[in-house]
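Notes for the one structure printed next.
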Amino acid sequence: MSEAMVLDIKNLQSHFFTAKGEVPAVDGVSIQVPPGKIIGIVGESGCGKSMTAMSVMGLLRYPGRVVGGSITLEGRDITHLSPRELSQVRGNEISMIFQEPMTSLNPVYPVGKQVREAILLHQKVSKAEAKARVLDIFRSVGIPEPEKRYYSYPHQLSGGLRQRVMIGMAMVCRPKVMIADEPTTALDVTIEAQILRLMKKLCEEQGTSIILITHNMGVVAEVCDYVYVMYAGKVMEQAETFALFERPSHPYTQGLLKSIPKLDEKAERLYTIEGVVPNLLHLPKGCSFCTRCDQAQERCFVEKPGLYEAVRLNEPEVGGRESVELNEPAAGVRESVGLNEMATGSRKRAGLDESAAGSQESADMQGMAGGGSRKPGECGHAGDGEDSQGRAGQEKEGQEPGSQGREVREKAETHTRRDSGQEPASHGVRCFRYESGGQLDE
Amino acid sequence: MNSGERNMDRTEKNVALLEARHLVKEFPAGGTRRNPQVVYAVTDVNLEILEGETLALVGESGCGKSTLGRVLIRLLEPTAGEILYRGRSIVGMKETEFAGLRREMQIIFQDPYASLNPRMNVKEIIGEPLLTYGMKDKKERETRVRELMQEVGIAQEFYNRYPHQFSGGQRQRIGIARAIALNPRLIICDEPVSALDVSIQSQVLNLLKDLQERYGLTYLFISHDLSVVKFIADRVCVMFLGMICEIGETGALYAKPLHPYTRFLLNAIPKADPRLRSQEKELLSGEIPSPVDPPSGCRFHTRCPYAKDICRQKAPGCRKVGERQVFCHFPLG
Ligand SMILES: Nc1ncnc2c1ncn2[C@@H]1O[C@H](COP(=O)(O)OP(=O)(O)O)[C@@H](O)[C@H]1O
Ligand SMILES: Nc1ncnc2c1ncn2[C@@H]1O[C@H](COP(=O)(O)OP(=O)(O)O)[C@@H](O)[C@H]1O
Ligand code: SF4
Ligand code: SF4
Ligand SMILES: [Mg+2]
Ligand SMILES: [Mg+2]
């Protein structure tokens with residue numbers, strides 16, 4: 000299976016060795032990239048998205064270092080290549096673009112020349128041929144008047160055009176993988192839509208796989224085939240995109256999706272994930288999300304969950320667009336039901352924001368965890384109108400309606416297979432609630 | 000539920016707190032002495048902010064949102080035009096006279112870090128406006144500062160901390176506490192949640208809503224994020240390159256945009272639902288023109304697929320369609 004992957008990241012660990020201690024910025028991340036697909040890495044700032052990318056590119060800088068795991072590109076282990084070998088791989092087989100193209104473009108050279116230099120560096124062609132190729136590339140990435148733009152300096156171009164130049168430069172050698180770190184975050188939404196479409200086109204036409212790093216769930220939904228949701232250096236949930244949005248399973252993913260204001264509903268209040276991302280130097284002993292999780296159990300504060308198969312739990316799924324019928328009791332997961340709506344209200348934990356939320360918070364959690372069973376309807380979130388609409392559309396598309404909640408272990412395979420390509424990851428969740436699904440990592 | 004009803008009550012009264020008439024703001028942009036260049040940042044804007052409402056100002060970067068927001072409360076002097084605050088003209092009003100009104104108008108910025116003095120602690124940051132407006136007594140000030148901290152959700156033990164010791168969301172809370180310290184009526188919120196992660200963003204948006212309800216505040220909420228605007232705003236004003244495209248009630252405007260630009264903007268937002276993906280989605284082509292050399296007539300005509308000759312020649316005036324105002328020669332049906 001993993002041979003078919005263009006890029007296979009296994010249990011990657013990258014730490015920063017600072018005066019204050021060792022920061023586990025990337026803490027056992029495994030990501031599989033099949034050919035010609037767009038893989039999304041999503042999560043809030045500081046969760047390790049960029050450092051994962053930099054580790055793969057061999058661009059981690061002191062005091063950061065890869066301390067464990069492996070990175071395999073087309074069957075070749077590139078984890079421990081020398082800087083020279085690495086620079087061969089970079090640009091040729093794997094390339095990267097950043098949020099702000101200005102930082103990677105030289106301000107005193109015309110952009111056309113910079114792309115031409117990149118071509119000359121990697122390919123044995125004459126200057127004239129190289130220039131002709133630049134113009135081709137500019138055309139293929141949608142730069143209007145390529146001859147004129149060839150001589151433009153970076154500052155003379157708009158943000159959108161600069162990003163197109165960067166994408167063109169990254170595509171010079173038709174790399175197997177392109178990593179795009181927040182490529183549209185600095186752009187306006189109409190320009191963002193253009194750039195996303197361009198990346199999708201390159202991926203489809205040239206078979207380049209793209210790792211798209213973003214904090215925007217909308218961007219993920221729009222273009223990604225598979226998604227990895229990161230939190231505090233770890234992958235919390237991974238799934239095929241439709242599966243993730245249909246059945247977000249990790250409490251963090253559910254919370255993220257519920258926090259986003261929806262375009263098609265008018266809510267009076269937004270759902271909030273209370274508190275902030277924990278300091279990586281003082282991570283909780285157990286699940287790294289336990290300080291903010293509204294479904295945490297006692298155990299979550301002392302033990303670390305593995306990555307489990309996202310089985311369908313027999314309880315209302317709070318984050319999803321459908322609410323699954325409650326049919327059979329599922330063992331071991333009932334205590335936490337009932338917490339969700341309490342967090343939806345105006346429960347304020349003011350001031351706890353910054354602290355690494357210790358015992359006080361866990362007491363808080365347990366105190367609330369009392370309520371046992373409840374009816375499925377009770378947890379429906381605001382905007383039921385939108386909900387039923389969404390469901391109707393879904394059933395039309397032939398995806399399973401909520402009534403199949405009967406099946407306790409319903410694997411995510413149906414979703415991934417539909418996409419016909421390889422299956423890099425089954426629907427995995429790093430949360431004890433899914434323990435019955437069986438562990439996916441070691 | 001409550002705030003919705005109350006907002007509606009308030010806006011039904013349709014009392015304008017602030018009114019802009021033919022407001023223009025231009026900046027010098029170099030060029031030669033003979034041929035000086037000008038940034039046409041805000042051009043002929045007519046606008047009312049109703050008492051107690053949240054009016055959102057949306058549009059892509061550089062379209063003049065921040066400039067307009069600042070001009071409206073006279074942080075910048077307008078090049079031309081009239082601003083009425085509670086019916087009184089404030090353009091050209093003497094500083095001594097304006098000082099009394101100034102405390103009623105506050106502003107919150109996108110980057111709370113840049114807008115908070117790094118050498119002042121929370122006590123001083125929130126206390127400063129109180130001191131400026133005559134609260135000399137230390138004890139009294141401390142009581143008020145602590146009350147404000149409570150109000151915005153900053154724990155009391157952080158009273159003596161400095162901005163760098165806080166997360167982005169908490170810094171924004173401090174900025175908000177400072178803005179409400181003097182019981183203002185109007186707050187210009189300039190992209191207050193744009194730099195925050197979504198989980199923090201929702202906390203701050205809820206806080207802004209709570210405060211509005213509690214104190215009957217009026218917001219001009221500047222944002223480029225139409226999802227956020229959908230949540231917070233009663234009415235929306237869409238801008239493009241210094242001009243207003245469309246103003247209307249939020250729900251109706253989202254459901255049925257009448258200006259072509261509004262529709263493209265709404266279409267372009269990546270929706271957090273892969274089922275809404277569509278390859279054929281109609282995208283706006285081209286780039287945003289320069290405000291130094293804006294297109295003639297309707298400034299959107301270089302990107303508008305519906306543009307006709309008249310659009311290139313004549314700037315569209317205001318058309319009223321119900322409560323909606325549209326600035327387009329050929330509004331969408
Ligand atoms: N130079 C550094 N020194 C110490 N820690 C760092 C450094 N750079 C990054 N980190 C740590 O790595 C974590 C992940 O950072 P990053 O990958 O940039 O996050 P993201 O891209 O998801 O916003 C940060 O939370 C930070 O703690
Ligand atoms: N002080 C200034 N001097 C010159 N030009 C300015 C100044 N402030 C803003 N501008 C220009 O005015 C236009 C509108 O800017 P701004 O109001 O900041 O837009 P927005 O907030 O919508 O992004 C931009 O082209 C900007 O470059
Ligand atoms: S293991 Fe699951 S339930 Fe427990 S704290 Fe973590 S995310 Fe929440
Ligand atoms: S006035 Fe003309 S160019 Fe402007 S938006 Fe309307 S149709 Fe398009
Ligand atoms: Mg990053
Ligand atoms: Mg602005």
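Top line first, the protein sequences correspond to chains A and B. Under numbering that gives the first Met the number 0, the letters of the first sequence match residues 0 to 441, in that order. Under numbering that gives the first Met the number 0, the letters of the second sequence match residues 0 to 332, in that order. The beta-carbon is built from N, C-alpha and C at its ideal position, and this holds for glycine as well. Source: prediction; values computed, not measured.
Asked, Found
"Just to confirm before moving on: does the CB-CB distance between Lys22/B and Val57/B stay below 8 Å?", "Looking at the sequence provided, one finds Leu at residue 22/B rather than Lys. Contact: no."
"Determine whether the Cβ of Asp7/A lies closer than 8 Å to any Cβ atom of chain E.", "The question asks about chain E, but that chain is absent: this structure's protein chains are A and B."
"Cα separation between His14/A and Pro117/B?", "30 Å"
"Return the Cβ separation of Leu130/B and Arg140/B in integer angstroms, given the expectation that the two are a contact with Cβ distance under 8 Å.", "7 Å"
"Would the region 241-259 of chain A count as touching the region 210-220 of chain A if we require 3 or more Cβ pairs under 8 Å?", "yes"
"Gly168/B CB to nearest chain A CB: under 8 Å?", "yes"
"Touching or not, the region 280-294 of chain A and the region 203-220 of chain B, by the rule of three or more beta carbon pairs under 8 Å?", "no"
"Could you check whether Glu96/B and Ser88/B sit closer than 8 Å to each other, using their CB atoms as the reference points?", "no"
"For Lys130/A and chain B, any beta-carbon pair shorter than 8 Å?", "no"
"Check the Cβ-Cβ distances between Asp383/A and every residue of chain B, and say whether any is below 8 Å.", "Low local confidence applies: a pLDDT of 36 at Asp383/A is under 50, so the model's placement there is unreliable, with the coordinate-based value given in what follows. Taking Cβ atoms only, chain B never reaches closer than 8 Å to Asp383/A, which makes this a no."
"Going by alpha carbons, who is nearest to Glu245/B out of Arg323/B, Ala15/B, Ile48/B?", "Arg323/B"
"Ala192/A: buried (16+ other C-beta within 10 angstroms of its C-beta) or exposed?", "buried"
"For the alpha helix (DSSP H) containing Tyr149/A, name the first residue and the last one.", "145-149"
"Which first and last residues belong to the alpha helix (DSSP H) in which Thr66/B is found?", "64-71"
"Shorter than 7 Å, the distance from the beta carbon of Gly141/A to the closest heavy atom of ligand 2, or not?", "no"
"I'd like to know if the region 100-110 of chain A and the region 53-63 of chain A are in contact, where contact means that at least 3 CB-CB pairs between them fall below 8 Å.", "no"
"In angstroms, rounded to a whole number, what distance separates the CA positions of Gly404/A and Val310/A?", "For Gly404/A, the predicted model reports a pLDDT of 36, less than 50, meaning its position is unreliable and no value from the coordinates is stated."
"Between Val339/B and the rest of its own chain, which residues show a CB-CB distance below 8 Å, the 5 nearest in sequence each way excluded?", "Given that chain B is displayed from residue 0 to residue 332, the structure contains no residue 339/B and the question cannot be resolved."
"Based on Cα-Cα distance, which residue from Ala306/B, Glu248/B, Gly296/B lies nearest to Glu47/B?", "Glu248/B"
"What residues from the region 266-293 of chain B come within 9 Å of chain A, judged by C-beta to C-beta, listed N to C?", "Asn266, Ala267, Ile268, Pro269, Lys270, Ala271, Asp272, Pro273, Arg274, Leu275, Arg276, Gln278, Lys280, Leu282, Leu283, Ser284, Gly285, Glu286, Ile287"
"Would you kindly check if the distance between the Cβ of Asn120/B and the Cβ of Leu84/B is under 8 Å?", "Leu is not the amino acid found at residue 84/B; the sequence shown has Tyr there. No, they are not a contact pair."
"Classify Asn10/A as helix, strand or coil using the three-state DSSP reduction.", "strand"
"Over what stretch of residues does the beta strand (DSSP E) that includes Gln324/B continue unbroken?", "323-325"
"Would you say Met216/A reaches chain B, if we count a Cβ-Cβ gap shorter than 8 Å as a contact?", "yes"
"I'd like to check one pair, Ala176/B with Glu192/B: are the Cβ atoms closer than 8 Å?", "At residue 192/B the sequence reads Val, which differs from the Glu that was named. For Val192/B and Ala176/B, no; Cβs fall outside 8 Å."
"To which residues of the same chain is Ile93/A closer than 6 Å at the C-beta, ignoring the five residues directly before and after it?", "Pro174, Val176"
"Taking C-beta to C-beta, are Gln113/A and Leu119/A nearer than 8 Å?", "no"
"Let's see if you can read the secondary structure: which residues bound the beta strand (DSSP E) around Glu31/A?", "A quick correction: the sequence has Gln, not Glu, at residue 31/A. First-last of the beta strand (DSSP E) with Gln31/A: 20-32."
"With three or more C-beta pairs closer than 8 Å as the rule, is the region 429-441 of chain A touching the region 294-309 of chain A?", "yes"
"CB-CB under 6 Å to Met168/A, same chain, minus the five flanking residues each way: which ones, in chain order?", "Val114, Ala117"
"Which value, in whole angstroms, describes the spacing of the CA atoms of Pro283/A and Cys188/B?", "36 Å"
"Please compile the residues from chain B whose C-beta is within a distance smaller than 8 Å of the C-beta of Ser157/A.", "Glu286, Ile287"
"Looking at chain A, is there any beta carbon in it that lies within less than 8 Å of the beta carbon of Phe26/B?", "no"
"Residues in the same chain with beta-carbon distance under 6 Å from Ile70/A, minus the five sequence neighbours each way, listed in chain order, please.", "Ile8, Val55, Ile77, Thr78"
"Any contact of the region 24-36 of chain B with the region 224-239 of chain B, i.e. 3+ C-beta pairs under 8 Å?", "no"
"Under 8 Å Cβ to Cβ from Thr261/B, same chain only, skipping five residues before and after it: list those, please.", "Val237, Cys244, Glu245, Leu252"
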